[in-house]
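First comes the structure, then the notes that go with it.
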Amino acid sequence: MTDLLEVRDLTVHFDTEDGLVEAVDGVTFTVRSGEILGVVGESGSGKSVTALALLRLIRPPGRIVHGAMWFEGTDLVGLSEDEMRAVRGTRIAMVFQSPRTALNPVLTVGRQISRLFELHHGVSRAEGRARTIGMLKLVGISEPERRARQYAHQLSGGMCQRVMIAMALATSPRLLLADEPTTGLDVSIAAQILDLLRDLGRRTGASILLITHDLGVVAETADRVAVMYAGQVVEYCDAEAAFRRTLHPYTAGLL
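Residue numbers (my numbering): 5 to 259.
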C-alpha cells in the first residue's frame, strides 16, 4: 500500500499575548492510499490544527514554522496560494465539526452542493442539480429531491452531517479530513455516520484522516492510529495494536 500523504516534522506556532504556543510540535505520520488513519487525543492536543495545516488554513497569529507535507508527491508547504487553492476542496476535502453552523444558512443544502459541481466540474446548473440528487442518495439521505430544497435549520444534526460529507465528496477528493464527524450526535446516528464514512472510503477509494477524541470510534473505524498529546504524536501504530499492547501511558489513560 503506497503513501498518499507524508507529513514530516510539522510544527505550528501561535503568537499570543501570553507568549508562544506550540500547538503542533514536530508531528510526523503518513496516510496510505485507501486507508483510514485515526488521529486521537484530548481537546487541545493539536489534532484540528494539524488538519488545518494540511489545507494551509492556518491564519495569523498562527503560522507553520517548518516541516513538509508531501501529498501525491508534491510538498504542500511550497505551493503558492493559487496552487494550494487548486488542491483545497478538490484533491483534499474536509468535513468540519458542527455541520449545522458550517453550512450556509441562506442557501438550500442542494444549492450548496450543486455550486460545487458547477465550480469544479464545469457543469450546467441543471446538471449540477441532477448530480446533487445522486450525491444525497449516495450518503443515505431519504427523499433527496425534497431535502435538496431545504435549509440547514430544517434538517437534523445527523442529516446536516450527511450533507457535509456529500459536499466534501462532490469534488471526488483523494483525501478526506473528517474532524470529529460524530460530535453532538446521539450514539445510533454517530454509528451510522461512521459506517457511512467506511463504506464511502471503500466505494470511492478515498483515504480518510479521522480526527476524534474517542478511542472507541478509532476501534470501530480506523486501520491505523496516531495518538496526539501536547502537540506531539506519542504513539503511532495499527489500530488493533493500540488496544492490544499500549506502549504510551497517555494512550493507556485514554483507554
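Quick reminder that beta carbons are idealized off the backbone N, C-alpha and C, glycines included.
These numbers come from a predicted model, not from an experiment.
- Distance from the Cα of ARG104 is smallest, within the candidate group ILE169, GLU122, ILE62 and LEU9, for ILE169.
- Taking C-alpha positions only, ILE215 is separated from VAL31 by approximately 15 angstroms.
- Between the stretch 117-131 and the stretch 198-218, the count of C-beta pairs closer than 8 angstroms stays below three; the two stretches do not touch.
- Classified as buried, SER118 has 16 or more neighbouring CB atoms from the shown chains inside 10 Å of its CB.
- Contact check between the stretch 233-241 and the stretch 55-71: fewer than three CB pairs, one atom from each, fall below 8 angstroms, which does not count as touching.
- In the three-state scheme derived from DSSP, where H, G and I count as helix and E and B as strand, ILE62 is classed as coil.
- Excluding its 5 nearest sequence neighbours in each direction, VAL167 has C-beta neighbours in its own chain below 6 angstroms: VAL113, listed in chain order.
- The shortest CA-to-CA distance from ALA27 to any of ILE68, GLU87 and ILE193 is the one to ILE68.
- For ALA210, no beta strand (DSSP E) segment is defined, and its DSSP state is neither H nor E.
- Just measuring C-alpha positions, the residue of VAL35, ALA156 and VAL43 sitting nearest ILE96 is VAL35.
- Per the coordinates, the alpha-carbon of LEU159 lies some 23 angstroms from the alpha-carbon of ARG202.
- Take the alpha-carbon of ALA172 and the one of HIS157: they are about 20 angstroms apart.
- Taking LEU111 as reference, the option from LEU58, ARG151, GLU244 and GLN196 with the minimal CA-CA separation is ARG151.
- By the criterion of a C-beta distance shorter than 6 angstroms, PHE75 is surrounded in its chain by LEU9, once the five residues flanking it on both sides are discounted.
- At a Cβ-Cβ threshold of 9 angstroms, GLY162 and LEU142 do not count as neighbours.
- Looking only at ASP29, LEU24, THR6 and THR20, the smallest Cα-Cα distance to ARG12 is reached by ASP29.
- Under a 10 Å Cβ-count criterion, HIS17 is classified as buried, with 16 or more other Cβ atoms of the shown protein chains found around its own Cβ.
- Taking 3 residues as the shortest admissible run, the stretch 64-152 contains the following complete beta strand (DSSP E) segments, listed from N- to C-terminal end: 66-75 and 96-99.
- Per the C-alpha coordinates, the member of GLY77, SER176, GLY82 and THR54 positioned closest to ARG207 is SER176.
- Residue environment: VAL44 is assigned as buried (16 or more neighbouring CB atoms within 10 Å of its CB, all protein chains considered).
- Taking each of LEU107, SER102, GLU244 and TYR240 in turn and checking the Cα distance to GLU224, the smallest one comes out for GLU244.
- If you look at THR15, you'll find it in the beta strand (DSSP E) that goes 7-20.
- Secondary structure in the stretch 173-241: the beta strand (DSSP E) runs of 3 residues or longer, each lying completely within the stretch, are 179-183, 211-216 and 228-233 in chain order.
- One Cα belongs to GLY93, the other to GLY50, and the distance between them is close to 22 angstroms.
- In this structure, MET98 and LEU140 do not form a Cβ contact; the two beta carbons are roughly 19 angstroms apart against a cut-off of 8 angstroms.
- Apart from sequence neighbours up to five positions away, no residue of its chain approaches VAL191 with a beta-carbon distance below 8 angstroms.
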